[in-house]
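Here is the structure we will look at.
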Amino acid sequence: MEPVLVVVPVAALAAVAGALARRRRPAPPTQATFKAPLQIDRADFDRPDSPWLLAVFTSATCDSCAGARDKAAVLASAEIVVQEVEVSARKDLHDRYHIDSVPTMLLADTHGVVQASFIGPPSATDLWAAVAEARQEAEGPADGPTGGATA
Numbered sequence: 006m007e008p009v010l011v012v013v014p015v016a017a018l019a020a021v022a023g024a025l026a027r028r029r030r031p032a033p034p035t036q037a038t039f040k041a042p043l044q045i046d047r048a049d050f051d052r053p054d055s056p057w058l059l060a061v062f063t064s065a066t067c068d069s070c071a072g073a074r075d076k077a078a079v080l081a082s083a084e085i086v087v088q089e090v091e092v093s094a095r096k097d098l099h100d101r102y103h104i105d106s107v108p109t110m111l112l113a114d115t116h117g118v119v120q121a122s123f124i125g126p127p128s129a130t131d132l133w134a135a136v137a138e139a140r141q142e143a144e145g146p147a148d149g150p151t152g153g154a155t156a
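Each residue of the sequence shown is one higher than the one before, starting from 6 at the first, in the working numbering.
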């Protein structure tokens, strides 16, 4: 009778362990992650001497690229050059900067340091806020509570 008392609990434990193992779900598949470059060569783009560049990497087959390009175009000024970099026209730049997803936007300062980036279409609010924040940080803090005025 003693071997039955040992075998039954062991079998029950094995059955529970097997049921738990079957219920365990496999790990999800690995998802691709896209990264924006941290530095670019401003000489690769229009008006390399302008203080800011907003490069908009696009593709003619991308449905959301036109909207991203239109949001960026509003920011063009004497200080900000907005340049569309369409893949069929400038595949060399897509390859050089490893642009694997469009639209991708890069906001670079005069030295080519990317201050903000978006992979996928940003909202106008997010894009415009990122540009304003980068420009404000580049200008530095104001001198005193009244923006530089002294009493």
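The beta-carbon is built from N, C-alpha and C at its ideal position, and this holds for glycine as well.
So the beta strand (DSSP E) residue i belongs to, where does it begin and stop?
{"i": "Asp114", "result": "109–114"}
{"i": "Val86", "result": "85–91"}
Within this structure, are the beta carbons of residue i and residue j separated by less than 7 Å?
{"i": "Val86", "j": "Ala78", "result": "no"}
{"i": "Val90", "j": "Ala41", "result": "no"}
{"i": "Arg47", "j": "Gly117", "result": "yes"}
{"i": "Val92", "j": "His103", "result": "no"}
{"i": "Cys70", "j": "Val107", "result": "yes"}
{"i": "Ala139", "j": "Ala121", "result": "yes"}
{"i": "Pro126", "j": "Ala73", "result": "yes"}
{"i": "Lys76", "j": "Ala129", "result": "yes"}
{"i": "Phe50", "j": "Thr109", "result": "no"}
{"i": "Leu80", "j": "Val136", "result": "yes"}
{"i": "Asp105", "j": "Phe39", "result": "yes"}
{"i": "Thr115", "j": "Pro56", "result": "yes"}
Looking at the secondary structure, which residues open and close the alpha helix (DSSP H) in which residue i lies?
{"i": "Thr130", "result": "129–144"}
{"i": "His99", "result": "96–101"}
By the three-class DSSP mapping on this structure, what secondary structure does residue i have?
{"i": "Val79", "result": "coil"}
{"i": "Ala60", "result": "strand"}
{"i": "Ala121", "result": "strand"}
Worksheet entry | Whole beta strand (DSSP E) elements within the region 13–41, 3-residue minimum | none
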